[in-house]
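Note that the sequence shown covers residues 1 to 204 in UniProt numbering.
The beta carbon of each residue, even a glycine, is placed where N, CA and C say it ideally should be.
For reference, the structure is listed below as structure tokens.
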Amino acid sequence: MKSSPMDISPYRNRRTWLAMNCLSALVLMGCERRVPYSFKGLDLTGAKFGQSFSMTDIDGKTRTLSEFKGSIVMLFFGFTQCPDVCPTALGRAAEVSRLLGEDAKKLRIIFVTIDPERDTETLLRDYVGAFDKKIIALRGSAAATADFAKEFKVFYQKVATGQSYTMDHTTLTYIFDTQGLLRLAMKHEQTASDFSADIKALLA
1 MKSSPMDISP
11 YRNRRTWLAM
21 NCLSALVLMG
31 CERRVPYSFK
41 GLDLTGAKFG
51 QSFSMTDIDG
61 KTRTLSEFKG
71 SIVMLFFGFT
81 QCPDVCPTAL
91 GRAAEVSRLL
101 GEDAKKLRII
111 FVTIDPERDT
121 ETLLRDYVGA
131 FDKKIIALRG
141 SAAATADFAK
151 EFKVFYQKVA
161 TGQSYTMDHT
171 TLTYIFDTQG
181 LLRLAMKHEQ
191 TASDFSADIK
201 ALLA
């Protein structure tokens with residue numbers, strides 16, 4: 001006996017239902033795949049420089065990179081009499097901390113003076129504290145500063161200005177992940193939003 005259309009339609013409907021559900025599952029699986037994040041800063045993953053540091057802070061305590069494991073570290077170089085670049089960098093660092101919200105608890109901001117001749121501990125404390133009192137200021141001897149800068153491929157030099165001088169220097173900000181590994185170099189023109197997005201990606 002041949003089956004009538006009424007006899008086979010339930011089977012067709014079931015096959016159609018199964019096919020549609022399988023297709024939906026595949027679509028959902030595809031949607032769940034994460035698109036790889038593209039850092040806004042220069043990716044330095046695997047870099048062979050900037051692997052450690054040791055310098056005293058403004059309270060005379062020796063600070064090392066290893067003590068900050070478990071936190072994201074933002075590290076940059078400057079001096080208190082810097083007319084524009086350094087205030088901008090410090091202001092941006094404070095804004096990054098604000099944008100991170102609760103994640104700011106995992107952020108450590110470190111400012112290294114390249115002008116220890118003029119930047120006393122008191123001056124540095126007042127200077128960085130005006131932007132964010134959580135910023136850690138490091139100050140070493142001229143030789144220690146040179147070694148620190150060399151480890152991070154940072155250029156700086158005195159530039160005479162009449163009876164005084166200013167400092168020319170690299171304006172990059174380095175970012176370390178929670179394992180203490182150098183991961184990113186952020187350019188001076190990048191925004192606080194760029195910084196916070198990359199930091200959140202490192203924390204994810």
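Closest in alpha carbon position to T56, among F152, T64, F76, is T64. Around the beta carbon of R139, a 10 Å sphere encloses 16 or more other beta carbons of the protein chains shown; the residue is thus reported as buried. According to DSSP, F155 shares a beta bridge with no other residue.
The Cβ atoms of V128 and F77 do not sit closer than 8 angstroms to each other. Leaving aside the five residues that flank A201 on each side, the residues in its chain whose CB is nearer than 6 angstroms to its CB run, in chain order, Y37. From the listed residues L124, S66, G70, E67, the smallest Cα separation to C86 is found for L124.
In the DSSP assignment, R98 falls within the unbroken alpha helix (DSSP H) covering 85-100. Within the DSSP bridge table, the entry for R63 names M55 as partners. In the same chain as E151, and ignoring 5 residues on each side of it, the C-beta atoms closer than 8 angstroms to its own belong to F49, G50, Q51, S52, F53, in chain order. In the DSSP assignment, L75 is bridged to I110, Y174.
Taking 8 angstroms as the cut-off, the Cβ atoms of T170 and F155 count as close.
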